[in-house]
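Visitor: All the letters of the sequence shown, read from the start, carry residue numbers 244 to 723 under our numbering.
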Amino acid sequence: QEEQTLHTSTLSKTKPNQAKPSIMKLYTAATALLLTTTPTTYGFTASAALTTRHSSRLHVATAPPERTAPDAGYYPDWEDRPGLEPEEFIRSDESKPDLAGMWECPLTKWDSEGIDVVAAQREARKMPKCPAEIRATDAMNAKGAQYFVENKDKVRAQLLKHGSVWLRGFDLMKGVAGFREMHEALGLDPCLDPLHSSGLRKFASERDALYEEVNKPSLRGHYIGLHCESTAKRTAAYAAFVCFQKATEGGGRFLVADGAAILGELDTELLKKLYERQIRISVSNLDIPPTLPSFVKEGVKGLVDAAVAPKFDMDLEMIYESDGKPGRLQAVECAESPINRHPVTGLPVWFNNAHNHARKLRDRRPCGVPEVGMTEVFYADNMEPLTLEDCQEIKRASEKHITALSMEPGDVLLVDNYRALHGRDVFQGDRFHAVSWFTWDGDQIEWRGDEKRIVEKNGLNKAINSMMDWLPKDFESNQS
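Shown next as structure tokens:
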């Protein structure tokens with residue numbers, strides 16, 4: 244704040260012809276800062292803790308809230324199964340075709356009009372437990388990939404029925420090559436991450452269409468709340484999360500919850516309110532001195548909107564001070580329904596990222612990303628942040644239905660991205676999980692569109708991703 248005051252004071256005393264270099268520096272800084280933010284689809288877009296808090300419109304200095312670890316409904320036991328060494332599990336099968344030119348992530352399938360909330364809750368409560376579990380036997384492991392060839396229809400049916408399937412204790416998927424054999428046997432077609440264009444998630448094995456999960460040491464102390472791997476614009480149809488190495492010093496449970504179960508659990512009046520008013524999510528912040536001239540602010544806004552925001556392949560609006568903080572420019576997604584019908588089954592489900600992105604929840608749990616990556620959830624009709632009471636009900640209903648999976652080497656969680664939400668608990672030591680995303684296939688093949696990746700080695704994308712590696716281990720969100 245002192246640095247901002249000094250900069251503003253100096254600029255205000257500078258003659259007009261002397262101010263131009265400072266303004267140009269501000270434009271450059273605006274571009275650089277937004278490029279280092281983390282958009283909404285990823286769990287590692289954290290809301291940081293501040294020493295100041297504000298109401299929906301008034302900036303008020305208060306003590307930060309106490310941080311407590313979120314809860315879960317079910318904690319399966321660890322089994323301490325061994326894995327492979329890193330040089331072994333990362334090895335690709337070079338005899339297989341290169342998948343780097345995979346499908347683009349498909350456009351989000353929205354069908355949210357005319358939902359009867361009460362009837363939707365009644366139907367959602369009838370749904371079976373999520374996830375289903377398939378535990379490998381010696382005989383199943385002896386078959387290797389052939390087990391999935393023979394049981395493709397069964398596994399895919401379980402995925403549609405339950406929303407996720409935990410493949411537990413399989414030796415085949417302890418390495419990159421076997422993991423690919425598994426999903427190819429199930430007929431899943433890889434696609435890009437919904438925000439691949441941002442470069443914020445790097446590949447574990449590009450030729451195998453396999454991305455790293457959030458394993459960075461600087462983010463191990465950050466709790467990733469429940470979210471669908473989606474934006475208002477793009478959503479992967481399915482995902483397969485794999486464990487190659489569990490956290491070496493503890494923690495790191497993978498979280499999964501049924502969007503139908505959460506819908507059935509939520510307070511009906513709150514659900515009606517959110518459905519009628521819709522929500523908007525801010526995905527990043529750029530804090531500039533609030534006393535700068537309006538033409539400078541508008542210049543920064545225009546530059547960011549035109550040159551930077553399109554990098555994230557999202558429909559964003561640049562808005563000043565939505566959360567009440569003077570001088571804050573926020574990139575905000577368009578209005579969306581918190582409830583959506585499943586594209587295949589037609590079942591209405593809780594389909595949004597509020598548990599992960601609501602500021603009032605992030606500020607009350609472990610968080611490990613700088614303030615520039617703070618997110619917030621607003622009522623779409625008036626751009627007021629969700630109240631603490633509403634956030635707490637979302638927290639209660641969501642966490643009651645979380646299964647905090649004890650994933651070990653070779654375990655895979657298959658996820659229907661329109662039905663189940665996922666996240667990750669904090670961990671200690673080193674951890675290596677990875678994920679592949681998949682587009683539509685079978686009877687829904689026309690929904691994938693006709694876009695395929697133009698394979699290019701984008702230096703800017705890699706530079707953005709590497710910025711997160713520069714953060715120190717165990718970074719705390721109240722660090723600058």
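Glycine residues also receive a C-beta, built at the ideal position from the N, C-alpha and C atoms.
Values in this document were obtained by computation on a predicted structure and should not be read as measured data.
#1: Ignoring anything shorter than 4 residues, give me the alpha helix (DSSP H) runs that lie fully in the stretch 322 to 374, in order along the chain.
#2: How long is the line joining the alpha carbons of residue 484 and residue 655, rounded to whole angstroms?
#3: Got a sec, what are the start and stop residues for the beta strand (DSSP E) residue 530 sits in?
#4: What are the residues that DSSP puts in a beta bridge with residue 695?
#5: Per DSSP, residue 473 forms a beta bridge with which residues?
#6: Short of 7 Å in beta carbon distance, which residues of its chain neighbour residue 452, apart from the five on each side in sequence? Order them along the chain.
#7: Keeping to the same chain, check which residues put their C-beta closer than 6 Å to that of residue 603; ignore five residues upstream and five downstream.
#8: Residue 472: buried (16+ other C-beta within 10 angstroms of its C-beta) or exposed?
#9: Using three-state DSSP, classify residue 624 as helix, strand or coil.
#10: Tell me, which residues are paired with residue 425 by DSSP?
#11: Which runs of the alpha helix (DSSP H) spanning at least 4 residues fall entirely within the stretch 558 to 626, listed in chain order?
#12: Using the Cβ count rule (16 or more neighbours within 10 Å means buried), how would you classify residue 361?
#13: Indicate whether residue 543 and residue 529 have their beta-carbon atoms separated by less than 9 Å.
#14: If you reduce the DSSP assignment to three classes, tell me which class residue 499 lands in.
#15: Just mark residue 591 as buried or exposed, buried being the case when its beta carbon has 16 or more other beta carbons within 10 Å.
#16: Short of 6 Å in beta carbon distance, which residues of its chain neighbour residue 448, apart from the five on each side in sequence? Order them along the chain.
#17: At which residues does the alpha helix (DSSP H) containing residue 666 begin and terminate?
#18: Could you give the distance in angstroms between the alpha-carbon of residue 595 and the alpha-carbon of residue 546?
#19: Are residue 653 and residue 417 touching if we call contact CB-CB under 9 Å?
#20: I think residue 608 touches residue 466, with their Cβ atoms under 8 Å apart; what is that distance to the nearest whole Å?
#21: Does the beta carbon of residue 359 fall short of 8 Å from some heavy atom of the ligand GTP?
#22: Look at the alpha carbon of residue 624 and the alpha carbon of residue 600, and state the distance between them as a whole number of angstroms.
#23: Look at the Cβ atom of residue 557, then the Cβ atom of residue 677, and state whether they are nearer than 9 Å.
#24: Residues bridged to residue 485 by DSSP?
#25: Run the CB neighbour count on residue 321, radius 10 Å, all protein chains shown included, and call it buried at 16 or more, exposed below.
#26: Would you mind stating whether residue 490 and residue 670 have Cβ atoms separated by less than 9 Å?
#27: Determine whether the beta carbon atoms of residue 358 and residue 641 lie at a separation below 9 Å.
#28: Rounding to the nearest angstrom, what Cα-Cα distance links residue 659 and residue 588 in this structure?
#29: Can residue 388 and residue 424 be called in contact, C-beta distance under 9 Å?
#30: Looking at residue 375 and residue 404, is the spacing between their C-beta atoms short of 9 Å?
#31: Mapping DSSP to helix, strand and coil, what is residue 308?
#32: Let's see if you can read the secondary structure: which residues bound the beta strand (DSSP E) around residue 539?
#33: Just to check my reading of the structure: residue 499 and residue 373 have Cβ atoms closer than 8 Å, yes? What is that Cβ distance to the nearest angstrom?
#34: Alpha carbons only, please: which of 516, 535, 464 is nearest the one belonging to residue 629?
#35: Figure out for me which residue from 695, 648, 688 has the closest Cα to the Cα of residue 318.
#36: In the DSSP output, which residue or residues are listed as bridge partners for residue 317?
Guide: Let me spell this out:
#1: Qualifying alpha helix (DSSP H) stretches, in chain order: 329 to 332, 360 to 367.
#2: As a first step, residue 484 must be located in the sequence shown, where it is residue number 241. As a first step, residue 655 must be located in the sequence shown, where it is residue number 412. Near 5 Å, if we compare the C-alpha coordinates of residue 655 and residue 484.
#3: Counted from its first residue, the sequence shown places residue 530 at position 287. Segment 522 to 530, the beta strand (DSSP E) holding residue 530.
#4: As a first step, residue 695 must be located in the sequence shown, where it is residue number 452. Looking at the DSSP assignment, residue 695 forms a beta bridge with 346.
#5: The sequence position of residue 473 within the sequence shown is 230, counting from 1. Note: residue 473 sits in a beta bridge opposite 478.
#6: As a working mapping, residue 452 is identified with position 209 in the sequence shown. Closer than 7 Å at Cβ, skipping near neighbours: 342, 345, 433, 679.
#7: Taking the sequence shown and counting its residues from 1, the one referred to as residue 603 is at position 360. Setting aside the 5 residues that flank it on each side, residue 603 is surrounded in the same chain by 631, 634, each with a C-beta closer than 6 Å to its C-beta; the list follows chain order.
#8: The residue given as residue 472 occupies position 229 in the sequence shown. Residue 472 comes out buried.
#9: By one-based count along the sequence shown, residue 624 stands at place 381. In the three-state reduction of the DSSP assignment, residue 624 falls in the coil class.
#10: Residue numbering aside, residue 425 sits at position 182 when the sequence shown is read from its first letter. Bridge partners of residue 425: none, in fact.
#11: Scanning the stretch 558 to 626 from its first residue to its last, the whole alpha helix (DSSP H) runs of 4-plus residues come out as 597 to 600, 602 to 605.
#12: Taking the first residue of the sequence shown as 1, we reach residue 361 at position 118. Sixteen is the threshold: since fewer than 16 other Cβ atoms of the shown chains lie within 10 Å of the Cβ of residue 361, the residue is exposed.
#13: Counting from 1 along the sequence shown, the entry for residue 543 is found at position 300. Counting from 1 along the sequence shown, the entry for residue 529 is found at position 286. With contacts defined by Cβ atoms closer than 9 Å, residue 543 and residue 529 form a contacting pair.
#14: Translated into the one-based positions of the sequence shown, residue 499 becomes position 256. DSSP places residue 499 in strand when its eight states are reduced to three.
#15: Reading the sequence shown from its first residue, position 348 is the one you call residue 591. Buried, because 16 or more other Cβ atoms sit within 10 Å of the Cβ of residue 591.
#16: Start at 1 with the first residue of the sequence shown, and residue 448 comes out as number 205. Once the five neighbours on either side are set aside, the close Cβ partners of residue 448 are 335, 419.
#17: Within the sequence shown, residue 666 is the residue found at index 423, counting from 1. DSSP places residue 666 outside any alpha helix (DSSP H); the residue lies instead in the beta strand (DSSP E), whose first and last residues are 663 to 667.
#18: As a working mapping, residue 595 is identified with position 352 in the sequence shown. As a working mapping, residue 546 is identified with position 303 in the sequence shown. Looking at the two C-alpha atoms, the distance is approximately 29 Å.
#19: Within the sequence shown, numbered from 1, the residue matching residue 653 stands at position 410. Within the sequence shown, numbered from 1, the residue matching residue 417 stands at position 174. Between residue 653 and residue 417, the gap from beta carbon to beta carbon is short of 9 Å.
#20: Indexing the sequence shown from 1 puts residue 608 at position 365. Indexing the sequence shown from 1 puts residue 466 at position 223. Indeed they touch by this definition, with Cβ atoms about 5 Å apart.
#21: The ligand content of the structure shown is nil, which means the ligand GTP is not present either.
#22: Residue numbering aside, residue 624 sits at position 381 when the sequence shown is read from its first letter. Residue numbering aside, residue 600 sits at position 357 when the sequence shown is read from its first letter. CA-CA distance, residue 624 to residue 600, rounds to 18 Å.
#23: Residue 557 sits at position 314 when you count from the first residue of the sequence shown. Residue 677 sits at position 434 when you count from the first residue of the sequence shown. Pairing residue 557 with residue 677 gives a Cβ-Cβ distance that is not under 9 Å.
#24: Residue 485 sits at position 242 when you count from the first residue of the sequence shown. Beta-bridge pairing links residue 485 to 655, 677.
#25: Counted from its first residue, the sequence shown places residue 321 at position 78. Note on residue 321: under 16 other CB atoms within 10 angstroms of its CB, so exposed under the neighbour-count rule.
#26: Against the sequence shown, residue 490 aligns to sequence position 247. Against the sequence shown, residue 670 aligns to sequence position 427. Yes. Within cutoff.
#27: Your numbering for residue 358 matches position 115 in the sequence shown. Your numbering for residue 641 matches position 398 in the sequence shown. No, Cβ-Cβ distance for residue 358 and residue 641 is not below 9 Å.
#28: Position 416 of the sequence shown, counting from 1, holds the residue named residue 659. Position 345 of the sequence shown, counting from 1, holds the residue named residue 588. Distance between the alpha carbons of residue 659 and residue 588: 12 Å.
#29: One-based indexing of the sequence shown puts residue 388 at position 145. One-based indexing of the sequence shown puts residue 424 at position 181. Against a cut-off of 9 Å, the Cβ pair of residue 424 and residue 388 comes out as a contact.
#30: Here residue 404 refers to the residue found at position 161 of the sequence shown. Here residue 375 refers to the residue found at position 132 of the sequence shown. Closer than 9 Å, so yes.
#31: Your numbering for residue 308 matches position 65 in the sequence shown. Coil.
#32: Start at 1 with the first residue of the sequence shown, and residue 539 comes out as number 296. First-last for residue 539: 537 to 546, but that is the alpha helix (DSSP H), not the beta strand (DSSP E).
#33: Within the sequence shown, numbered from 1, the residue matching residue 499 stands at position 256. Within the sequence shown, numbered from 1, the residue matching residue 373 stands at position 130. Going by Cβ atoms, the distance from residue 499 to residue 373 rounds to 7 Å, so yes, they are a contact pair.
#34: Taking the sequence shown and counting its residues from 1, one reaches residue 629 at position 386. Closest option to residue 629, Cα to Cα, is 516.
#35: Stepping through the sequence shown from its first residue, residue 318 is reached at position 75. Nearest C-alpha to residue 318: 648.
#36: Working through the sequence shown from its first residue, we reach residue 317 at position 74. Beta-bridge partners assigned by DSSP to residue 317: 646.
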